[in-house]
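Student: Here it is: the structure, laid out below.
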Amino acid sequence: MNSEKINVDKNIKKEKVSLEDLSKRNIEKSLEKLQKARVCILGAGGLGSNIAMMLARSSVGYLHIVDFDIVEASNLNRQAYFLEDIGKMKTEAIKNKIEK
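Take the sequence shown: its position 100, counting from 1, is numbered 100 in the UniProt record's numbering, and each next residue is one higher.
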């Protein structure tokens, strides 16, 4: 069995952190970061369409979605599209869903 010595920096400051401090949420800072974020999604299929919806609901400021495919009936069971989206470009269909 090999064992290695681990050097611990003696200059590391030790701070007591309460459970309350660990569980606090800094919502304002997090929301500001999300609103400034720019995200590009390559593919608006099963994963991409659902990620786009979640990011939009999370207030991401700018979404760029790239997909050159159209919505087909076989997509509906796993993607964020509906019957009225069949035949539309996936990017246009997801844009309409996000803007609603």
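Quick reminder that beta carbons are idealized off the backbone N, C-alpha and C, glycines included.
Helix, strand or coil for I57 per DSSP?
Tutor: Residue 57 sits at position 57 when you count from the first residue of the sequence shown. One detail in the question is off: residue 57 reads as Arg in this sequence, not Ile. Here R57 sits in helix by DSSP.
Student: Tell me which residue opens and which closes the beta strand (DSSP E) that L83 is part of.
Tutor: Position 83 of the sequence shown, counted from the first residue, corresponds to residue 83. Careful: L83 lies outside any beta strand (DSSP E) and carries neither H nor E.
Student: Beta-carbon within less than 7 Å of I70's beta-carbon, same chain only, minus the 5 sequence neighbours each way: which residues are those?
Tutor: As a working mapping, residue 70 is identified with position 70 in the sequence shown. Same-chain partners within the cutoff: G87, K88, M89 and K90.
Student: Helix, strand or coil: which one does DSSP assign to L19?
Tutor: Taking the first residue of the sequence shown as position 1, residue 19 is located at position 19. Looking at L19 - three-state DSSP - the assignment turns out to be helix.
Student: Between which two residues does the alpha helix (DSSP H) harbouring I94 extend?
Tutor: Working through the sequence shown from its first residue, we reach residue 94 at position 94. It spans K90 to E99 - the alpha helix (DSSP H) in which I94 sits, taken as one unbroken run.
Student: Three or more C-beta pairs closer than 8 Å, one from the segment 30-39 and one from the segment 51-70: is that the case here?
Tutor: Yes: at least three Cβ pairs fall under 8 Å.
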